[in-house]
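Trainee: In order, the protein sequences belong to chains A and B.
Under the working numbering, the final residue of the first sequence carries the number 294; numbering is consecutive throughout.
Under the working numbering, the final residue of the second sequence carries the number 1294; numbering is consecutive throughout.
Once you've had a glance at the structure underneath, I'll fire off some questions.
Protein chains: 2
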Amino acid sequence: MELHHLRHVLAVVDHGTFTAAAAACHVAQPSLSQSVRGLERELGAELFHRAGRRVVLTAAGEAFVPAARDALWAAEEVRTQVAAVSDVVAGHLDLVALPTLAIDPVAPLVGAFRQAHPGVVVRLAHPDSTRELVERVRSGASELGVTELPVAEGRLVTVTMGRQELVAVLPPGGRAGRRAGAGSLALAALAREALVTLPVGTSTRDALDLAFARAGVQPRVAVETDQREAIVPLVLAGAGCAVVPRPMAMAASGEGVLVRSLRPPLWRDLGLVRRPGVPSPAAQAFLAIAADRA
Amino acid sequence: MELHHLRHVLAVVDHGTFTAAAAACHVAQPSLSQSVRGLERELGAELFHRAGRRVVLTAAGEAFVPAARDALWAAEEVRTQVAAVSDVVAGHLDLVALPTLAIDPVAPLVGAFRQAHPGVVVRLAHPDSTRELVERVRSGASELGVTELPVAEGRLVTVTMGRQELVAVLPPGGRAGRRAGAGSLALAALAREALVTLPVGTSTRDALDLAFARAGVQPRVAVETDQREAIVPLVLAGAGCAVVPRPMAMAASGEGVLVRSLRPPLWRDLGLVRRPGVPSPAAQAFLAIAADRA
DNA sequence: TCTCATCGATAGGTGTGCCCTATGACCGCT
DNA sequence: AGCGGTCATAGGGCACACCTATCGATGAGA
């Protein structure tokens, strides 16, 4: 039993004759006769009384018709559901973003996307590392990844999204804050302070370590945690200084921490990665929004 | 889009790989790949991320799967509905019977059929004439016809069902009743009485006219009506005598009319007519019940 | 890091099955 | 009784789906 069988029988019901139904189905009349006959054989029941000039539904046919209409409607619903995803009015968009990028730039991008496409659910995964982020994108578990560039995976397509400054957040009234004044803070000076930082392997920590190495100094790690929510409270409590993306630092400045640029400035390039090929409509829409913001 | 496309995609979802899905569908792996690829082209959306060794559903695929399951379930429901009719547990049986035969033998037959097949609705049509009855059966509007034999339509299959006696019903205390006593009533004597009868063209009336003609007498028609329910009340009210099937007469005798056999006795052969070919399961069941009762 | 096993995609050949045209049988209408 | 129309059947042709063989890619294991 295939859908065209159902279509053929319903065409006969709706048009009254095999001939008219064949025309409506764009097939020859004998083809439609054979199609219906084959379905009747498969079902083991005649659907029509063939009474010369007119065809009349049998009891089996009466039972068949509404069920067949349901089935065809359900099949059409399949198209509708898929089309809704294609039209970015339903479905979901799987994103993965480095946790430090969740506040910026991911949050405003997702907000704009949701405004434009309220029917599409955004699923945002938080990888433990850039390696896991890349793996999720490459396997298709997530369609777009927001990460630091460059990524060590040549098979993925990369879209740059500008750069983000990493700045120091200092406890109010501390030595570092007094020394830096309202200006910037030398890396060497930061290296003398107790540091609250993420574990090795996270992108922010690795960028920071690289900067210290280039400056020829050794940081003093005081607290190492993978709980990002704890960093600002730890700084406020005087546990040490930290280095975070500027958007995150600005949000925390309202809580009392001091924000200082580093000297030399510490930047990192951000971008989107995706699998090669044509992205889904939802991903295309997200990419367009990201391009507009850049 | 055809049902096997849906089956193929769901097999991939359920088995995790194209290879396993192909085995489950009893097709080669490249065939299933092409089938899925073709459906994706038709829908204009990829359903799977092909990530090397593993396949992952896209957002469109996620939307596709439940809808496709619904559609396949609906298609299976088509089979179920038709099978229910074939198993005589659902659907309907279209009968047509001469009105004078509705009390007997149709009523007890339908009763027995309904006892055996409570899920099957019996639709009993009342034709105005044997010609209309035959036409309904021949066109398929009704599947079985209960009628007087023989029928003037050689293309229908006839099954005899025994014969039925036509008897006189007389008003209590009337002249005819006294003359007949407890025995039978000669046709010639009935011809002298006022008659309550159906219009010409009905089978009972035509049988009666034929009997009078053979006896060489002319009936005196007093009331001619196509309202069968009025006949017994008319007789009771003294409007005249009537000739009706014995089962109907026996039912009316409880209301006070006298019942007398005719001399010579007046019989008519009863039977079922149907279209040639294999009857529906419901009709077969009804025919079996009718054969048992004969 | 190299090899191997496995998976999906592609290419090319083949057969089944569907569709078409032509024709026949039958019915109903005029 | 002739005619138009309907459905069924027969037979040829072509498209499509299927199959085998092979390749490229990937991930696991040595």
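C-beta: ideal position from N, C-alpha, C; glycine also.
Treat the numbers as computed from the prediction; the structure is a model and nothing was measured.
With distance defined between alpha-carbon atoms, name the residue in A/ALA252, A/ALA20, A/ASP87, A/TRP73 nearest to A/PRO171.
Mentor: A/ALA252
Trainee: Assuming the contact rule is C-beta atoms closer than 8 Å, A/LEU195 and A/ALA242 should be a hit. Round their C-beta distance to whole Å, please.
Mentor: Going by Cβ atoms, the distance from A/LEU195 to A/ALA242 rounds to 7 Å, so yes, they are a contact pair.
Trainee: For a contact meaning CB atoms closer than 8 Å, what does B/MET1001 contact in chain A?
Mentor: LEU3, ALA75, VAL78, ARG79
Trainee: Would you mind telling me which residues of chain A sit closer than 9 Å to B/LEU1093, beta carbon to beta carbon, in chain order?
Mentor: ALA59
Trainee: Determine the direct distance from the alpha carbon of A/PRO233 to that of A/ASP87, and round the result to whole angstroms.
Mentor: 44 Å
Trainee: Along the stretch 138–172 of chain A, what residues have a CB closer than 7 Å to any CB found in chain B?
Mentor: Taking 7 Å as the upper bound on Cβ-Cβ separation, chain B lies near residues ARG138, SER139, GLY140, ALA141 of the stretch 138–172 of chain A.
Trainee: When the cut-off is 9 Å and only beta carbons count, does B/GLU1046 lie next to chain A?
Mentor: yes
Trainee: Do A/MET1 and A/LEU43 come within 9 Å of each other at the CB atom, strictly closer than that value?
Mentor: yes
Trainee: Since B/SER1033 meets chain A, which of its residues come closer than 8 Å, beta carbon to beta carbon?
Mentor: Residues of chain A whose Cβ lies closer than 8 Å to the Cβ of B/SER1033 do not exist, since the nearest Cβ in that chain is about 17 Å away.
Trainee: Count the CB pairs spanning the stretch 1209–1223 of chain B and the stretch 1109–1126 of chain B that are closer than 8 Å, and state whether there are at least three.
Mentor: no
Trainee: For A/VAL221 and A/LEU95, I'd like the C-alpha separation in whole angstroms.
Mentor: 32 Å
Trainee: Could you say which of A/PHE64, A/VAL65, A/ASP70, A/ALA75 lies nearest to B/ALA1068 if we only look at CA atoms?
Mentor: A/ALA75
Trainee: Along the chain, where does the beta strand (DSSP E) that runs through B/ASP1128 open and close?
Mentor: Looking at the DSSP string, B/ASP1128 is not in any beta strand (DSSP E), and its letter there is neither H nor E.
Trainee: Does DSSP put A/MET1 in a helix, in a strand, or in coil?
Mentor: coil
Trainee: Compute the beta-carbon to beta-carbon distance between B/ARG1274 and B/GLY1140, rounded to the nearest angstrom, for a pair I have assumed lies under 8 Å.
Mentor: With a Cβ gap of about 10 Å, B/ARG1274 and B/GLY1140 do not count as contacting.
Trainee: Which class does A/GLY91 belong to by DSSP, given the choice of helix, strand or coil?
Mentor: coil
Trainee: Show which residues of chain A have a CB atom less than 7 Å away from the CB atom of B/VAL1085.
Mentor: Chain order gives the chain A residues near B/VAL1085 as ALA45, ALA59, ALA60, ALA63, where near means a beta carbon separation below 7 Å.
Trainee: Could you pull out every residue in the same chain whose Cβ sits closer than 8 Å to the Cβ of A/ARG136, ignoring the five residues on either side in sequence?
Mentor: VAL96, ALA125, PRO127, SER142, GLY145
Trainee: Cβ closer than 8 Å: which chain A residues qualify as neighbours of B/ALA1071?
Mentor: ALA71, ALA74, ALA75, GLU77, VAL78
Trainee: Consult DSSP for A/THR204 and reduce its assignment to one of helix, strand or coil.
Mentor: helix
Trainee: Is B/PRO1105 helix, strand or coil when you go by DSSP?
Mentor: helix
Trainee: Can you round the beta-carbon distance between B/ASP1104 and B/PRO1245 to whole angstroms, since I take them to be within the 8 Å contact cut?
Mentor: 7 Å
Trainee: Any beta-carbon of chain A closer than 9 Å to the one on B/PRO1276?
Mentor: Not one chain A Cβ lies under 9 Å of B/PRO1276.
Trainee: Where DSSP assigns a beta bridge to A/VAL223, which residues make up the other side?
Mentor: A/VAL196
Trainee: Quick one, are the C-beta atoms of B/LEU1072 and A/VAL82 less than 9 Å apart?
Mentor: no
Trainee: Below 7 Å on C-beta distance, what does A/ARG54 contact in chain B?
Mentor: For A/ARG54, the chain B residues whose Cβ falls inside 7 Å of its Cβ are SER1139, in order along the chain.
Trainee: Mind listing which residues of the stretch 249–261 of chain A have their C-beta closer than 7 Å to chain B's C-betas, in chain order?
Mentor: none
Trainee: Which same chain residues, not among the five before or five after B/GLY1238, have their C-beta less than 6 Å away from its C-beta?
Mentor: PRO1171
Trainee: Please go through the same chain and pick out, in chain order, the residues whose beta-carbon is closer than 8 Å to the beta-carbon of B/ARG1054, but skip the five residues on each side of it.
Mentor: Non-local beta-carbon contacts of B/ARG1054 in its own chain, meaning distances under 8 Å to residues more than five positions away in sequence, involve GLY1016, THR1017 in chain order.
Trainee: Apply the 10 Å Cβ neighbour rule to B/ALA1294 and answer buried if 16 or more other Cβ atoms are within range, or exposed otherwise.
Mentor: exposed
Trainee: Are the CB atoms of A/VAL151 and A/THR160 within a distance shorter than 9 Å?
Mentor: no
Trainee: Can you grab the Cα-Cα spacing for the pair B/ALA1011 / A/PRO279, in whole Å?
Mentor: 25 Å
Trainee: Between which two residues does the alpha helix (DSSP H) carrying B/LEU1236 extend?
Mentor: 1231–1236
Trainee: So B/ARG1246 is in the beta strand (DSSP E); what residue range does that whole segment cover?
Mentor: Run containing B/ARG1246: none in the beta strand (DSSP E); it sits in the alpha helix (DSSP H), 1246–1253.
Trainee: If the cut is a Cβ gap below 9 Å, which residues of chain B does A/VAL13 touch?
Mentor: Simply none; closest approach about 14 Å.
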